[in-house]
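Below is one structure, written out as structure tokens; comments come after it.
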Amino acid sequence: GGKFILSLFFFKLTFVSFYLGAVWATNKINKNMALVIATHPLIIIEGLNTPHNDLIAMSLGLIGVYLLFNKKIWSRALFIISGLIKYSTLPILILSKKNKWLNILAFIGTLIPLYYLTFYSEIQPWYFLILFIFLPIFPNLIKKIELFLMGLICSYFPYIFLGGWNSPDKVAMKHQIIIYFFIANITYFIISQCYRVFLRTQRNI
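In case it helps, the working numbering puts the sequence shown at residues 1198 to 1402.
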């Protein structure tokens, strides 16, 4: 009993340490971004409440980005370790402080395994923690996909309200919730972009 409690304590402490490391590194880049990392429900639920290795990969990635911005050679080493923990983060190896196209390519490269996992296996919310690595690179990224991230959290509702974890019906409901929020996110993004274009044209008239 005592050994189990001690092991559980150090297990939780490990994830808390990586969480704090991610907040610290992001705070060195931008305080508002650090606030997002520190308070985002997806990180708290999937990284701290029910710890997953994706949090460690995310944390190492964010610390690596901080080092990259400060021209530290250790950034690539952390990117490699992050990629070894979660293969879907390997594309961050090509992240650049100045080359926008390399950063876009790295982001697309990260989305490809997420796309595969999403459509060929069960969608798991913690898979998407690694997207927070790109927050310092693309400051508006999380804001633009917030509805989708909310859908990932809401996807637990069938299990919470109906109980049980293995029913195919509940898995189907979970996927439906995520898809609905994803569609809502895309719709909102398109409408907001069209509205911005409309405002620009009005100013030029």
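A virtual CB, placed ideally from N, CA and C, is assigned to each residue, including glycine.
Going by beta-carbon coordinates alone, are residue i and residue j separated by less than 9 Å?
i	j	result
SER1403	ILE1240	Since the first and last residues shown for the chain are 1198 and 1402, residue 1403 lies out of range.
THR1223	PRO1248	no
ASN1382	GLU1343	yes
MET1255	ILE1330	yes
ALA1235	VAL1213	no
LYS1371	SER1352	yes
LEU1252	PHE1276	no
Buried or exposed: where does residue i fall if 16 or more other Cβ atoms within 10 Å of its Cβ makes it buried?
i	result
ASP1366	exposed
GLY1199	exposed
LEU1232	exposed
THR1398	exposed
LYS1283	buried
Give me the residue from the options with the minimum Cα distance to residue i.
i	options	result
THR1384	ALA1369, PRO1355, PHE1345	PHE1345
PRO1310	ILE1289, LYS1295, LYS1294, ASN1296	ILE1289
LEU1292	LEU1308, ARG1273, LEU1281	ARG1273
LYS1294	ILE1278, PHE1266, LEU1281	PHE1266
(message) I'd like to know if the stretch 1261 to 1277 and the stretch 1300 to 1312 are in contact, where contact means that at least 3 CB-CB pairs between them fall below 8 Å.
(response) No: fewer than three Cβ pairs fall under 8 Å.
(message) If contact is defined by three or more beta carbon pairs under 8 Å, each pair taking one atom from either stretch, is the stretch 1358 to 1367 in contact with the stretch 1386 to 1397?
(response) Between the stretch 1386 to 1397 and the stretch 1358 to 1367 there are fewer than three C-beta pairs closer than 8 Å, too few to call the two in contact.
(message) Below 8 Å, how does it come out for the stretch 1314 to 1326 and the stretch 1345 to 1355: are there three or more Cβ pairs, yes or no?
(response) Yes, the stretch 1314 to 1326 touches the stretch 1345 to 1355.
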